[in-house]
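S.K.:
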Amino acid sequence: MSIYGRFACMDCKIHLSLGKAIYRTPRVPDNRILYFHLGGQNQPINTQSIDNAALWKLLADHAGHRLRALVEDSTDYDLLITDSEARRIGGDSNHDIPFEDYLQDWPGLLPPSSAPLPSLSPSHELLRLPHPSFLAFERTLLRASLQLSSQPQGLITLLVPCPLPASSWLSRFLQRRQPASLDRYRHLSLRILHEAHLPLYEGPLATPSPSSPSPAPSLPPTPSSYAHLFCHHCHVMLFLGSASLDDTGRPLFFLRGHTPPLPNHHQQPLSRALWKLLADHAEHELSVLVSDDPRYAHTLAEAGTCEIGSDGPSDLSFEDYLHNWPG
């Protein structure tokens, strides 16, 4: 008899199929799952399926909630499946959420921009930040400002490779300018975009002078948080990357460092480690904690915590964790 798994937010009663549970000892289900398998022999492995993208979105949408990888015939699984309010991602019932609807317009789905920069009007400078440092940020803005110095109005669009503290870097940039030179920036607007096309800042480069009728808008919050997926039962965690936040402070998606930037659901070692963690820790209490959550620092500091994909003394590298794993 086949036994299946679901990944669920127990708080919101929303779940995603993990596929068939393949046990370490065939025909003797001992709750030691080797891996989950979604489809038939000719279908892609889980990490290359649309379900993988939906899984990464679910982790962001339900950060801070109670998460579980549930296995069929467990009490919690049966309660979830029979709950009339529960909704399945990728399901076909009236109250379920199709994959197309769930992933529509999700910024974490978009690949980073790698196309050549298009030619622009003389009043628009579009540049990429070569690497995420303040000095590179400063030099890039100075070069773009000089190019636009002869224009009555100008726009600088800056593509950055990872979430960065745009608010503090812009303030620091202006503080390092001579007061008399600030007028040369007041006619310029600045747009900072993450390379996954998520806006980090849009507004004037410098505060307009007192005679200007248009006050400067306040800076939006900058995503500078980080997130881990924790198993609270086993003190195991997986680093999910930087958390790009919406204007309410909720995570939109996670992006783990990669060169060139690559969405998490396209990073095979990372996604394989995620699916293996769900199999290894089925029925355990899981949660995604973001660094501004009060529980984050306490959980991170717990003695004996093992981080998957890291190189600390009690950690496991991706190579060791995934060695000979068939999933």
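Just remember that our numbering sits 4 ahead of the position in the sequence shown, which is counted from 1.
Cβ atoms here follow ideal geometry from the backbone N, Cα and C, with glycine treated the same way.
Count the other C-beta atoms from every protein chain shown that fall within 10 angstroms of the C-beta of residue 306, then say buried if there are 16 or more, exposed otherwise.
M.R.: Here the question's residue 306 lines up with position 302 in the sequence shown. So residue 306 ends up on the exposed side.
S.K.: Please determine if the region 125 to 144 and the region 168 to 176 are in contact, where contact requires at least 3 C-beta pairs separated by less than 8 Å.
M.R.: yes
S.K.: Candidates 164, 142, 149 and 148: which alpha carbon is nearest residue 179's?
M.R.: Looking up residue 179 in the sequence shown gives position 175. Checking every option, the nearest Cα to that of residue 179 belongs to 142.
S.K.: Fully enclosed by the region 9 to 77, which alpha helix (DSSP H) runs are 4 residues long or longer?
M.R.: 54 to 65
S.K.: May I have the straight-line CA-CA distance separating residue 49 from residue 268, to the nearest angstrom?
M.R.: Position 45 of the sequence shown, counted from the first residue, corresponds to residue 49. Position 264 of the sequence shown, counted from the first residue, corresponds to residue 268. When rounded, the distance between both Cα atoms is 16 Å.
S.K.: Does the region 9 to 17 come close enough to the region 86 to 103 to have 3 or more Cβ pairs within less than 8 Å?
M.R.: yes
S.K.: Using CA atoms only, rank isn't needed, just tell me which of 205, 192 and 282 is closest to residue 56.
M.R.: For this step, residue 56 is matched to residue 52 along the sequence shown. The shortest Cα separation from residue 56 among 205, 192 and 282 belongs to 282.
S.K.: Using three-state DSSP, classify residue 142 as helix, strand or coil.
M.R.: Residue 142 sits at position 138 when you count from the first residue of the sequence shown. Residue state, collapsed to three classes: helix.
S.K.: Using the rule of at least 16 other Cβ atoms within 10 Å of the residue's Cβ for burial, across every protein chain shown, is residue 254 buried or exposed?
M.R.: Counting from 1 along the sequence shown, the entry for residue 254 is found at position 250. With fewer than 16 Cβ atoms within 10 Å of its Cβ, residue 254 is classed as exposed.
S.K.: Taking the alpha carbon of residue 198 as the reference point, which residue from 158, 257 and 66 has its own alpha carbon closest?
M.R.: Here residue 198 is taken as the residue at index 194 of the sequence shown, counted from 1. For the residues 158, 257 and 66, the minimum Cα distance to residue 198 belongs to 257.
S.K.: Cα separation between residue 230 and residue 246?
M.R.: Along the sequence shown, one-based indexing puts residue 230 at 226. Along the sequence shown, one-based indexing puts residue 246 at 242. So the two alpha carbons sit approximately 4 Å from each other.
S.K.: Whole angstroms is fine: what's the gap from residue 299's alpha carbon to residue 10's?
M.R.: Walking along the sequence shown from the start, residue 299 turns up at place 295. Walking along the sequence shown from the start, residue 10 turns up at place 6. If you take the alpha carbons of residue 299 and residue 10, they lie about 26 Å apart.
S.K.: Could you work out which residue in 233, 12 and 271 is closest to residue 303 when comparing CA atoms only?
M.R.: One-based indexing of the sequence shown puts residue 303 at position 299. For residue 303, the nearest C-alpha among the options comes from 233.
S.K.: Tell me whether the region 61 to 73 and the region 280 to 294 touch, counting them as touching only if at least three CB pairs, one residue from each stretch, are closer than 8 Å.
M.R.: yes
S.K.: Cutting at 6 Å between CB atoms, please list the residues of its own chain near residue 8, excluding the five before and the five after it.
M.R.: In the sequence shown, counting from the first residue as 1, residue 8 sits at position 4. Excluding positions up to five away in sequence, the list reads 24 and 76.
S.K.: Among 154, 195, 113 and 177, which has the Cα closest to the Cα of residue 139?
M.R.: As a first step, residue 139 must be located in the sequence shown, where it is residue number 135. The candidate whose alpha carbon is nearest that of residue 139 is 177.
S.K.: In three-state terms, what does DSSP make of residue 188?
M.R.: In the sequence shown, the residue the question calls residue 188 occupies position 184. Here residue 188 sits in helix by DSSP.
S.K.: With DSSP run on the structure shown, which of helix, strand or coil describes residue 85?
M.R.: Position 81 of the sequence shown holds residue 85. Three-state result, residue 85: helix.
S.K.: With DSSP as the reference, label residue 129 as helix, strand or coil.
M.R.: Within the sequence shown, the letter at position 125 stands for residue 129. In the structure shown, residue 129 sits in a strand (DSSP, three-state: E or B).
S.K.: Quick one: Cα of residue 272 to Cα of residue 51, how far?
M.R.: Your numbering for residue 272 matches position 268 in the sequence shown. Your numbering for residue 51 matches position 47 in the sequence shown. The alpha-carbon atoms of residue 272 and residue 51 are separated by roughly 7 Å.
S.K.: Hey, which unbroken runs of the beta strand (DSSP E) at 3 residues or more fall wholly within the region 260 to 306?
M.R.: With a minimum length of 3 residues, the continuous beta strand (DSSP E) runs that stay inside the region 260 to 306 are 290 to 294.
S.K.: Can you tell me whether residue 79 is helix, strand or coil according to DSSP?
M.R.: Taking the sequence shown and counting its residues from 1, one reaches residue 79 at position 75. The answer is helix: DSSP assigns residue 79 an H, G or I state.
S.K.: Of the choices 127, 61, 160 and 12, whose alpha-carbon is the least far from that of residue 87?
M.R.: Counting from one through the sequence shown, the residue named residue 87 turns up at place 83. Nearest option by C-alpha distance: 12.
S.K.: As a quick exercise: from 186, 113, 81 and 205, pick the residue whose alpha carbon is nearest that of residue 173.
M.R.: Looking up residue 173 in the sequence shown gives position 169. Among 186, 113, 81 and 205, the Cα nearest to that of residue 173 belongs to 205.
S.K.: From the DSSP output, which residues share a beta bridge with residue 195?
M.R.: Position 191 of the sequence shown holds residue 195. Paired residues: 161 and 206.
S.K.: By a C-beta neighbour count over all protein chains shown, 10 Å radius and 16 as the cutoff for buried, is residue 128 buried or exposed?
M.R.: Taking the first residue of the sequence shown as position 1, residue 128 is located at position 124. Here residue 128 is buried. Its C-beta has 16 or more other C-beta atoms within 10 Å.
S.K.: One question on the structure: do residue 40 and residue 22 come within less than 8 Å of each other, judged by their Cβ atoms?
M.R.: On the sequence shown, residue 40 is found 36 positions in, with the first residue counted as 1. On the sequence shown, residue 22 is found 18 positions in, with the first residue counted as 1. Yes, they are a contact pair.
S.K.: For a test of the three-state rule: what should DSSP assign to residue 168, helix, strand or coil?
M.R.: Translated into positions along the sequence shown, residue 168 becomes position 164. Three-state DSSP puts residue 168 in coil, outside helix and strand.
S.K.: For residue 236, which option in 104, 310 and 109 has the closest C-alpha, if you only look at C-alpha atoms?
M.R.: One-based indexing of the sequence shown puts residue 236 at position 232. Out of 104, 310 and 109, 310 has the C-alpha closest to the C-alpha of residue 236.
S.K.: Report the rounded CA-to-CA distance for residue 196 versus residue 210, giving the unit in angstroms.
M.R.: Here residue 196 refers to the residue found at position 192 when the sequence shown is read from its first residue. Here residue 210 refers to the residue found at position 206 when the sequence shown is read from its first residue. Rounded to the nearest angstrom, the two C-alpha atoms are 14 Å apart.
S.K.: Using DSSP with H/G/I as helix, E/B as strand and the rest coil, what is residue 255?
M.R.: Here residue 255 corresponds to residue number 251 of the sequence shown, with the count starting at 1. In this structure, residue 255 counts as strand in the three-state DSSP scheme.
S.K.: DSSP three-state call for residue 92: helix, strand or coil?
M.R.: If you number the sequence shown from 1, residue 92 lands on position 88. Strand at residue 92.
S.K.: So, using beta-carbon positions, are residue 278 and residue 242 closer together than 8 Å?
M.R.: As a position in the sequence shown, residue 278 is number 274, starting the count at 1. As a position in the sequence shown, residue 242 is number 238, starting the count at 1. Closer than 8 Å, so yes.
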